[in-house]
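In the working numbering, the protein residues as written are 68 to 205.
Structure (structure tokens):
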């Protein structure tokens, strides 16, 4: 009985190793296609931009209004997606996927730029040390 259990364990290990090798080979085959590489690169950069802007705006919101403003920002960021997603799903059969992806990514970039401009415009600026040296109190 012990020989059978050992043989089963060996077969399981061999099966796992073979499956992993097949997966890496499939990944290599797919990434040899230039269109797929560009798509993956664009998607990855889009995610990096999304997460970087989210972190920056969370830090800004926390600085300005604490955890409450961070929660409000989180809801304000998620709500439009929940509202717009069903409409965009209806467009996926009528509009080419690459065009829809470009339009949504461009709209998101424009909205992040507007949020950054609004944050820069309405941020309270700290008093600099050099100003107090130039204008001493009497």
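Backbone N, C-alpha and C fix where the C-beta goes; we use that ideal spot for every residue, glycine too.
Here the C-alpha atom of residue 120 lies approximately 7 Å from the C-alpha atom of residue 179. Here the region 106 to 121 makes contact with the region 167 to 184; the two share three or more CB pairs at distances below 8 Å. For the pair residue 125 and residue 137, the Cα-to-Cα distance works out to about 6 Å. In the structure shown, residue 162 adopts coil according to DSSP, grouped into three states. In the three-state scheme derived from DSSP, where H, G and I count as helix and E and B as strand, residue 98 is classed as helix.
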